[in-house]
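**Q** One structure is given below, represented as structure tokens, and several questions about it will come after.
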Amino acid sequence: MGEDRPTYFSSWSQSLCFVLSRARDEARRHPDCKTYISVLDTNKLTEDAVILHTSDMKSVIHGAFSRYAHECLAYGKIHSPAYATVSLADIEIAGLAYFNDSLLGAGYEQQSGDLQTGLSAAQKIADLFPDDVQVVVQAYLLAVKAEEHHDEILNALKNLDIPASWLGDAKLTSEINMHGSVDAARALAIIKDLIASKKPDTVSKTTIQSRRSMEKLEQERRDNTPVGAVWKQFSELGS
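Under the UniProt record's numbering, the first residue of the sequence shown carries the number 1, and numbering increases by one thereafter.
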């Protein structure tokens, strides 16, 4: 974490649910390999790297290319204090089953348990990651429950430390195009309201605005750099 990675071209996604679904399928098909989940806080990405959603690539690259709904493409070394990789096996042990949801696709039966169980599982999973991304990890995990429990989740996370850079970042309190990623939109709604709770004198409450954004994702303005976090999965032959 926080090191130069020789990934001069890499594929990411704003949707953690999409990445988890791909990772689990990969782990089932290749049980001899170890599967990992990576997260990157795009706000801390160095300037020599570029990351764009495929539908925004036309702003920098002319010509025909694939535009996948859940894909972001990164060019340049991934160097950031908010970059981390954790094995899928460790995440599952920490309580990933609680977050099984229809957003993950077919074949993932939801584990029973109240919201407190989910909050505990989210904390355990976040503890596997460095401090710089723990709030992000919890917000994206709990996003699968946010449609019905947004206010309860916000109340549970309100005492977490928010990175100082977030408080002055206008992009995190404006309308953002999440390119159809429902879980990413919900996670950003949580993050926006956490920011608002830390600076009630200067940042307005965004719950209503964020919920409207979830219903009208494709009508939001485009933002060249994905806001919040992006995720990826990869596998390597186990030892």
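Don't be surprised by glycine CBs; every beta carbon is placed ideally from N, CA and C.
Please read all numbers here as calculations on a predicted model, not as lab measurements.
Enumerate, from N- to C-terminal direction, the unbroken alpha helix (DSSP H) stretches of 4 or more residues contained entirely within the region 15-53.
**A** Counting whole runs of 4 or more residues, the region 15-53 contains the alpha helix (DSSP H) stretches 16-29.
**Q** Is VAL39 closer than 8 Å to VAL182 when the C-beta atoms are compared?
**A** No. Outside cutoff.
**Q** Can you tell me the Cα-Cα spacing of GLU26 and THR35, whole angstroms?
**A** Approximately 8 Å, taken between the alpha carbons.
**Q** From which residue to which residue does the beta strand (DSSP E) around ALA84 run?
**A** Counting along the chain, the beta strand (DSSP E) containing ALA84 begins and ends at 83-87.
**Q** Return the CA-CA distance between ASN100 and ILE51, expressed in angstroms with no decimal places.
**A** Computed Cα separation, rounded: 28 Å.
**Q** On the DSSP letters alone, give me the boundaries of the alpha helix (DSSP H) that ALA196 sits inside.
**A** Here the alpha helix (DSSP H) through ALA196 covers 182-198.
**Q** Can you tell me which of the three DSSP states ALA74 falls into?
**A** Of the three classes helix, strand and coil, the one that applies to ALA74 here is strand, per DSSP.
**Q** Going by DSSP in three states, LYS158 sits in which element: helix, strand or coil?
**A** Note: LYS158 maps to coil in three-state DSSP.
**Q** Could you check what DSSP says for PHE99 in three-state terms: helix, strand or coil?
**A** Reduced to three states, the DSSP call for PHE99 is helix.
**Q** Per DSSP, ALA231 forms a beta bridge with which residues?
**A** Correcting the residue type first, residue 231 is Trp in the shown sequence and not Ala. In the DSSP output, where bridge partners are listed per residue, TRP231 has SER13, VAL39.
**Q** Can you tell me which of LEU188, GLU147, ILE125, GLU71 puts its alpha carbon nearest to the alpha carbon of ALA84?
**A** Of the candidates LEU188, GLU147, ILE125, GLU71, the one whose C-alpha sits nearest the C-alpha of ALA84 is ILE125.
**Q** Using CA coordinates, which residue listed in ASP127, TRP166, LEU119, VAL133 is at the minimum distance from LEU154?
**A** Of ASP127, TRP166, LEU119, VAL133, the residue nearest in Cα terms is LEU119.
**Q** Reducing DSSP to helix, strand and coil, say where ASP114 ends up.
**A** Coil at ASP114, not helix or strand.
**Q** Can you list, in chain order, the residues of its chain with a C-beta nearer than 6 Å to that of GLY95? Leave out the 5 residues immediately preceding and following it.
**A** Only ALA121, LYS124 meet the Cβ criterion.
**Q** Mind checking GLU147: buried by the 16 CB within 10 Å criterion, or exposed?
**A** Its Cβ having fewer than 16 others within 10 Å, GLU147 is exposed.
**Q** Assign ASP56 to buried or exposed, taking buried as 16 or more other Cβ atoms, counted over all protein chains shown, within 10 Å of its Cβ.
**A** Buried, by the Cβ-count rule.
**Q** Using C-beta distances below 7 Å, list every residue in its chain close to THR231, excluding the 5 sequence neighbours before and after it, in chain order.
**A** The sequence shown places Trp at residue 231, not Thr. The residues are TRP12, SER13, LEU16, VAL19, ILE37, SER38, VAL39.
**Q** Less than 8 Å between the CB atoms is what I'm expecting for LEU73 and THR54, so what's the real figure, rounded?
**A** That pair is a contact at about 6 Å.
**Q** Give the straight-line distance between the Cα atoms of GLY76 and GLN233, rounded to the nearest whole angstrom.
**A** Going by the C-alpha atoms only, they are around 18 Å apart.
**Q** Please report the Cβ distance between ALA189 and HIS150, rounded to the nearest whole angstrom; I am assuming they are in contact, meaning their Cβ atoms lie under 8 Å.
**A** Between HIS150 and ALA189 the Cβ distance is about 7 Å, and since that is below 8 Å, they are a contact.
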